[in-house]
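Those protein sequences? They're chains G and L, same order as listed. Sequential numbering of the first sequence, starting at -19, is according to my numbering. Sequential numbering of the second sequence, starting at 928, is according to my numbering.
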Amino acid sequence: MSAPLKLSLTRRYRFAASHRLHNASFSEEENARIYGKCANPHGHGHNYIVEVTVAGPVDPATGMIANLGELDPFVEREVIEAFDHKNLNDEIPAFRAEVPTTENVCREIYRRLRPFPAARLERVRIEETSNNSFEFAG
Amino acid sequence: MIRVTRKVEFSAAHYYHNPAFSAEENRRVFGKCSNLHGHGHNYVLEVTVAGEPDPATGMVLDLKELKDILQREIVDRMDHRHLNHEVPELAGKIPTCENLAAVIWNLLEPKVRQGKLDRVRIYESPDLFADCTADANGAGAGAHGNRA
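The structure is reproduced here in structure tokens:
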């Protein structure tokens, strides 16, 4: 008899957005030193990839941890509609106070997805570019 | 501890259908996947084995042996097959990637003798995958390998 297994399901989503890394309490010189090119006042953008991982029991009737028919519209409504083709600094309320680094974007998306009713949110992983990725698991 | 991952691909057909559901329920729950003519995917399987490298060989395991295990246990069983009809280990289960991950874990776990099977990740498409690992807490997901 095998040991108990842990199963998770991961789905990848995409959005494109602009941002600027800048902290108003730093001097311009400090912002330039800390954030480099990312502090450019006009902003810049990325094609973000968001990996959403849910875990929990597999329903024997459906074979599923979560039905994509429920997960996809939830992520679309809570995250993609709000973030896609937006300016993160100006249009996402959390980033009026916080710098929209991808660390903070991970946490904000985790906060938005946490209430997903059909399964336990296990992890949010974001690829800001194909070379940089960030994860938050609560 | 070192983790070693080997990737292998196979192509297979499946559909989702629960005979206990009405036709209307099957359509509502499973959507396009409920088409009884079936459809298919190019599955990508990533198998991770964890262990300490043998000081003499510098290896956790002989990758050729892992390659042979994956060929024999998974590819020969599933490649260019219909998962609903031709893979007895999936009989009575909906062939979702969650169930497939658990079935693959149970096929591989007893065969991996050097190192320990650490994770099975099965991609149904580049944007959807399931992971199966041993449940460190012994409670978590509530999914057991031999669960019907």
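Where is the CB? At the ideal position from N, CA and C, for every residue including glycine.
Quick check: is the beta carbon of residue i nearer than 8 Å to any beta carbon in chain G?
i	result
Asn945/L	yes
Glu1055/L	One detail in the question is off: residue 1055/L reads as Leu in this sequence, not Glu. For Leu1055/L, the answer is yes, since a Cβ of chain G falls inside 8 Å of its Cβ.
Gly965/L	no
Thr932/L	no
Asp1045/L	no
Gly1042/L	no
Val956/L	yes
Ala940/L	no
Ala950/L	no
Can you confirm whether residue i, when its beta carbon is compared against all beta carbons of chain L, has any partner nearer than 8 Å?
i	result
Thr(-10)/G	yes
Leu(-13)/G	yes
Pro97/G	no
Pro80/G	no
Thr(-16)/G	Strictly speaking, residue -16/G in this sequence is Pro, with Thr absent from that position. So yes, Pro(-16)/G belongs to the interface.
Phe6/G	no
Along the chain, where does the beta strand (DSSP E) containing residue i start, and where does it finish?
i	result
Arg103/G	100 to 109
Asp1058/L	1055 to 1061
Asn969/L	966 to 978
Lys934/L	929 to 941
Leu1044/L	1043 to 1052
Ala35/G	24 to 35
Phe116/G	112 to 116
Give the range of the alpha helix (DSSP H) segment to which residue i is assigned.
i	result
Gly49/G	48 to 55
Glu1016/L	Unbroken run through Glu1016/L: none, as it is neither H nor E.
Val121/G	The shown model of chain G, from -19 to 118, leaves out residue 121/G, and the question about it has no answer.
Arg0/G	No alpha helix (DSSP H) contains Arg0/G, which DSSP labels as neither H nor E.
Val1030/L	1024 to 1035
Arg999/L	Segment: none, Arg999/L is in no alpha helix (DSSP H) and carries neither H nor E.
Asn69/G	68 to 71
Phe1076/L	Not covered by the structure: residue 1076/L. The range shown for chain L is 928 to 1075.
Glu9/G	8 to 15
Phe75/G	74 to 77
Under 7 Å Cβ to Cβ from residue i, same chain only, skipping five residues before and after it: list those, please.
i	result
Lys1038/L	Ile996, Glu1000
Asn962/L	Tyr942
Val1002/L	Val935, Phe937
Answer with yes or no whether the minimum CB distance from residue i to chain B is below 8 Å.
i	result
Pro53/G	Here chain B cannot be found, since the structure's protein chains are G and L.
Tell me which residues share the same chain as residue i and place their Cβ nearer than 8 Å to its Cβ, disregarding the 5 neighbours each side in the sequence.
i	result
His966/L	Ala940, His941, Tyr942, Lys959, Cys960
Ile929/L	Ala977, Gly978, Glu979, Pro980, Val987
Val59/G	Tyr(-7), Phe(-5), Val30, Ile89, Arg92, Leu93
Checking 8 Å against the spacing of the C-beta atoms, do residue i and residue j come in under that value?
i	j	result
His944/L	Asn953/L	yes
Ala46/G	Ala99/G	yes
Phe104/G	Tyr90/G	Just to set this straight, residue 104/G is Val in the shown sequence, not Phe. A contact, by the Cβ cut-off of 8 Å.
Ile1049/L	Leu1027/L	yes
Arg128/G	Ala19/G	Nothing about residue 128/G can be read from this structure; chain G reaches only from -19 to 118.
Val34/G	Ser(-12)/G	yes
Arg1046/L	Lys994/L	no
Asn133/G	Thr82/G	Residue 133/G falls outside the range modelled here, since chain G spans only -19 to 118, and no answer is possible.
Enumerate in chain order the residues of its own chain whose CB-to-CB distance from residue i is below 6 Å, with the five nearest sequence positions on each side excluded.
i	result
Asp1006/L	Phe937
Glu906/L	The shown model of chain L, from 928 to 1075, leaves out residue 906/L, and the question about it has no answer.
Ala120/G	The structure shown does not extend to residue 120/G, since chain G spans only -19 to 118, so no value can be given for it.
Phe96/G	Phe54
Ile1021/L	Tyr943
Lys66/G	Ala(-3)
Lys(-14)/G	none
Ala1057/L	Cys1024, Glu1025, Ala1028, Ile1049
Item checked: Residues within the segment 990 to 1005 of chain L neighbouring chain G, beta-carbon criterion of under 8 Å -> none
Notebook entry, point to check: Quick one, which residues of the segment 34 to 51 of chain G are near chain L if we go by CB-CB under 8 Å, in chain order?
Noted result: Ala35, Gly36, Pro37, Val38, Pro40, Ala41, Thr42, Gly43, Met44, Ile45, Asn47, Leu48, Gly49
Next item on the list: Return the residues of the segment 1017 to 1038 of chain L that lie within a Cβ-Cβ distance of less than 8 Å from chain G, sorted by chain order.
Entry: Cβ proximity to chain G below 8 Å picks out Lys1020, Ile1021, Pro1022, Thr1023, Cys1024, Glu1025, Asn1026, Ala1028, Ala1029, Trp1032, Asn1033, Glu1036 from the segment 1017 to 1038 of chain L.
Next item on the list: Mind checking the segment 969 to 993 of chain L against chain G and listing, in chain order, the residues whose C-beta falls within less than 8 Å of any C-beta there?
Entry: none
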